[in-house]
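Residue 99, in our numbering, is where the sequence shown stops; the numbers in between run on with no holes.
Note that CB positions come from ideal geometry on N, CA and C, so glycine has one too.
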Amino acid sequence: LSNVQVVFDGYNLESITVGGEPIDPERNYKFATINFLMDTAGRMSVGDFAKNITHLEHVFIRDALVDYIRDMTVRGETISLKNDGRVIVKNREETRR
3 LSNVQVVFDG
13 YNLESITVGG
23 EPIDPERNYK
33 FATINFLMDT
43 AGRMSVGDFA
53 KNITHLEHVF
63 IRDALVDYIR
73 DMTVRGETIS
83 LKNDGRVIVK
93 NREETRR
């Protein structure tokens, strides 16, 4: 979700912004996602709204992640995590069932 912020209130989508601006329904956006989010059978999926889909054969996020972590390890770098505010969940306790 580079340059995107998604805000949920419990299970409800509250807002999505791109570059700090609300999504413009007249504009087309390019993004990459995993197959699971594109093809979630029986549920609303990202693919339901896509107009032009390009499938990259033999490109797997897990492989890119493993390669990245291996490279960092070889360089002796530490993997650190931070919450950068791309996904915000308000009323989180209500989402746990």
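Could you give the residue range of the alpha helix (DSSP H) that holds residue i?
i	result
residue 76	63-76
Look at the Cβ atom of residue i, then the Cβ atom of residue j, and state whether they are nearer than 8 Å.
i	j	result
residue 9	residue 90	yes
residue 26	residue 92	no
What did DSSP end up calling residue i once you bin it into helix, strand or coil?
i	result
residue 93	coil
residue 54	coil
So which of the options has the shortest CA-CA distance to residue i?
i	options	result
residue 35	28, 17, 61, 95	61
residue 54	17, 30, 71, 67	30
residue 33	71, 51, 64	51
residue 88	28, 22, 57	22
residue 56	13, 37, 72	37
residue 4	95, 94, 86	86
Got a sec, what are the start and stop residues for the beta strand (DSSP E) residue i sits in?
i	result
residue 11	6-11
residue 14	14-20
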